[in-house]
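Take any residue in the sequence shown, note its place counting from 1, add 373, and you have its number in my numbering. Note sheet for the following structure.
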Amino acid sequence: MKNLVSTEWLHNNIGKDNTIIFDCRFDLMDAGYGLKSYKDGHIKNAILINLDYDLAGEKQQHGGRHPLPEMEKFRDLLENSGVNNKSNIVIYDDGDLAGASRLWWMMKYIGIDKVYILSGGIKLWKNRGYDVTTEETCVKSKGKINLNIQKYMEVSMEHVRNNLKNSESLIIDSRSKERYLGLIEPVDSKSGHIPGAKSFDWQENFKDGLILDVKELKKRFNDIKEYKEIIVHCGSGITGCVNILALDEVGIDSKLYVGSWSDWSSYEENPMNTTEE
374 MKNLVSTEWL
384 HNNIGKDNTI
394 IFDCRFDLMD
404 AGYGLKSYKD
414 GHIKNAILIN
424 LDYDLAGEKQ
434 QHGGRHPLPE
444 MEKFRDLLEN
454 SGVNNKSNIV
464 IYDDGDLAGA
474 SRLWWMMKYI
484 GIDKVYILSG
494 GIKLWKNRGY
504 DVTTEETCVK
514 SKGKINLNIQ
524 KYMEVSMEHV
534 RNNLKNSESL
544 IIDSRSKERY
554 LGLIEPVDSK
564 SGHIPGAKSF
574 DWQENFKDGL
584 ILDVKELKKR
594 FNDIKEYKEI
604 IVHCGSGITG
614 CVNILALDEV
624 GIDSKLYVGS
634 WSDWSSYEEN
644 PMNTTEE
């Protein structure tokens with residue numbers, strides 16, 4: 374798979390100068406989970422990334438729960454971690470790929486090409502018998518990144534609203550079917566989904582703790598490959614990145630509505646639906 378590396382590959386490349394590792398573990402319901410997990414044990418040379426502070430900007434009235442941070446600030450974070458445009462980046466989380474996929478997407482968004490995710494995450498790493506450490510990672514030297522923002526990778530709320538009836542555009546809702554149907558809403562103030570959106574639960578990209586292979590992913594997304602535009606969203610622009618990753622594995626381009634449901638539902642005038650589409 375073009376966007377993922379195996380535990381064996383990382384074990385064999387962990388000490389190379391151009392390999393930079395990021396730990397993106399997080400829990401939306403526990404802000405301190407990532408730091409605690411990192412301190413309890415991380416892969417050697419891994420640098421901790423905090424989803425709320427490093428991969429998101431300040432929450433406003435609109436824009437969703439995890440709006441993009443200022444890209445110059447994000448670039449500085451990466452440069453201080455030793456990243457340059459030619460680095461081999463490996464990102465891991467617990468294995469659900471949500472935090473890792475958000476960082477993967479953001480690095481692609483600013484023009485960094487060689488970005489990969491550890492298949493199975495740190496859970497599989499441990500299960501394979503590889504060591505973890507509690508030692509703090511020291512960055513050897515500062516990197517240099519040339520920002521090249523790929524604006525085509527995202528869409529605004531206005532774009533989504535203006536294309537609700539566009540038959541050539543498909544909106545994918547990556548949340549659970551229960552949230553899509555408005556049966557539950559554990560985080561945001563309103564329940565339901567964007568009219569016309571199709572339900573593709575991000576968690577259905579996995580089997581036995583690993584992302585589906587390319588053949589299975591092609592089968593999963595076979596009915597949507599003919600759309601000219603595919604817009605992916607979730608609750609706040611995190612788990613939707615897993616669907617974007619999966620789509621990219623089978624050669625289907627898609628765009629992220631970063632604000633997602635938490636942004637859409639913040640506008641009183643925006644329509645909502647609670648029936649299957």
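From the three backbone atoms N, C-alpha and C, an ideal C-beta is built for every residue, glycine too.
For my contact list, residue i and residue j are in at a C-beta cut-off of 8 Å; report their separation, rounded to the angstrom.
i      : j      : result
Ile490 : Trp477 : 6 Å
Asp396 : Leu421 : 5 Å
Cys614 : Ser410 : Cys614 to Ser410, Cβ: 20 Å. No contact.
Phe594 : Ile617 : Not confirmed; about 11 Å, so no contact.
Tyr503 : His415 : At roughly 12 Å, the Cβ-Cβ gap does not stay under 8 Å, so Tyr503 and His415 are not in contact.
Ser572 : Lys550 : 5 Å
Val528 : Tyr600 : The Cβ separation is near 14 Å, so there is no contact.
Val378 : Ser460 : Not really, about 14 Å apart at Cβ, beyond 8 Å.
Glu602 : Ser542 : 4 Å
Compute the Euclidean distance between the alpha carbons of residue i and residue j, then round it to the nearest angstrom.
i      : j      : result
Ile567 : Lys513 : 47 Å
Ser627 : Leu620 : 7 Å
Pro644 : Lys432 : 22 Å
Lys375 : Glu622 : 7 Å
Thr647 : Leu520 : 40 Å
Lys598 : Ala570 : 15 Å
Met480 : Gln576 : 22 Å
Ile635 : Ile544 : Before going on, a small fix: residue 635 reads as Ser here, not Ile. In a straight line, the C-alpha of Ser635 is about 15 Å away from that of Ile544.
Leu506 : Lys524 : Per the sequence shown, the amino acid found at residue 506 is Thr instead of Leu. If I take the Cα positions, the gap works out to 38 Å.
Glu558 : Glu649 : 16 Å
Ala471 : Gly494 : 11 Å
Asn453 : Phe447 : 10 Å
Gly610 : Glu445 : 20 Å
Asp425 : Glu531 : 25 Å
Label residue i either buried or exposed according to how many other C-beta atoms from any shown protein chain fall within 10 Å of its C-beta, with 16 as the threshold for buried.
i      : result
Ala662 : Because the chain is modelled from 374 through 650, residue 662 falls outside the range shown and cannot be assessed.
Thr380 : buried
His439 : buried
Ser562 : exposed
Asn418 : buried
Ile522 : exposed
Asn500 : exposed
Thr612 : buried
Tyr465 : buried
Tyr482 : buried
Asp586 : exposed
Asp469 : buried
Asp486 : exposed
Asn535 : exposed
Asp596 : exposed
Asn578 : buried
Asp390 : exposed
Met402 : exposed
Asp546 : buried
Suppose contacts are defined by Cβ-Cβ distances below 7 Å. Is residue i in contact with residue j by that definition?
i      : j      : result
Asn457 : Gly516 : yes
Gly455 : Ile393 : yes
Ile518 : Val488 : no
Ser564 : Gly437 : no
Tyr406 : Asp400 : yes
Arg398 : Asp467 : yes
For this session: Answer yes if the region 492-512 comes into contact with the region 605-616, meaning at least three C-beta pairs across the two stretches below 8 Å, and no otherwise.
Result: No contact exists between the region 605-616 and the region 492-512.
For this session: Would you check if there are 3 or more beta carbon pairs closer than 8 Å linking the region 547-557 to the region 582-593?
Result: Taking 8 Å as the limit for Cβ pairs, the verdict is that the region 582-593 does not touch the region 547-557.
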